[in-house]
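Data first, discussion second: the structure below is written as structure tokens.
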Amino acid sequence: MEGNAQRMPWWGWLVVGLGLVSVLVAIAITFRSQLLFAVKFAKTLMSDQRVPRPLRWLIGVSLAIKIVPFPDFGVDEVVLIIVSLVLVIFYRPVLRAILEETRSAEADRVGAALTAAPKRQDPASQ
1 MEGNAQRMPW WGWLVVGLGL VSVLVAIAIT FRSQLLFAVK FAKTLMSDQR VPRPLRWLIG
61 VSLAIKIVPF PDFGVDEVVL IIVSLVLVIF YRPVLRAILE ETRSAEADRV GAALTAAPKR
121 QDPASQ
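Here's what the structure looks like:
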């Protein structure tokens, strides 16, 4: 049976490799855009006046703790989970409105970047 086994040609491996690379790039681009959106949403939550001041402070301090390189033993994650539960339970309409505003601002930014004409340099100005 081993003698009859068909081997994949070199171009088959090339197609498989290119497909794998394209899937990994798509995953990386999607992850990056979702991460940027989450950061923008957290920043908006920290600065929006509709969110109570103590919750804004907790969000800010928890995110600041994430930046400082020392062991925090997960305190910042616990605080963010508690703040998110409070927002979802007691301030759902406000949270939904802020989320929609952030989504529309992000969609406008992405749409403007996609439809903007590339800037051309005038060769005479060089």
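Here the sequence shown is numbered in this note's numbering, starting from 1 and rising by one per residue. Note that CB positions come from ideal geometry on N, CA and C, so glycine has one too.
Out of the options, state which residue places its alpha-carbon closest to the alpha-carbon of residue i.
| i | options | result |
| --- | --- | --- |
| R53 | L14, D76, A107, L87 | L87 |
| L55 | F73, S22, F90, V39 | F90 |
| R103 | L18, F41, D76, P71 | F41 |
| V75 | S84, I65, R109 | I65 |
| V110 | L85, Q34, I27 | Q34 |
Helix, strand or coil, according to DSSP, for residue i in the structure here?
| i | result |
| --- | --- |
| V110 | helix |
| M46 | helix |
| R7 | coil |
| F31 | helix |
| F90 | helix |
| F70 | coil |
| P54 | helix |
Can you round the beta-carbon distance between residue i and residue j to whole angstroms, since I take them to be within the 8 Å contact cut?
| i | j | result |
| --- | --- | --- |
| F31 | E106 | Actually they are not in contact, since the Cβ atoms of F31 and E106 sit about 15 Å apart, beyond 8 Å. |
| V94 | V25 | Their Cβ separation, rounded to whole angstroms, is 37 Å, which puts V94 and V25 out of contact at 8 Å. |
Check whether the segment 31-47 touches the segment 89-107, counting contact only when three or more Cβ pairs, one atom from each stretch, lie closer than 8 Å. By the Cβ test, the segment 31-47 is in contact with the segment 89-107, since at least three Cβ pairs between them sit closer than 8 Å.
Check whether the segment 70-87 touches the segment 53-61, counting contact only when three or more Cβ pairs, one atom from each stretch, lie closer than 8 Å. Yes, since at least three Cβ pairs between the segment 70-87 and the segment 53-61 fall closer than 8 Å, the two stretches touch.
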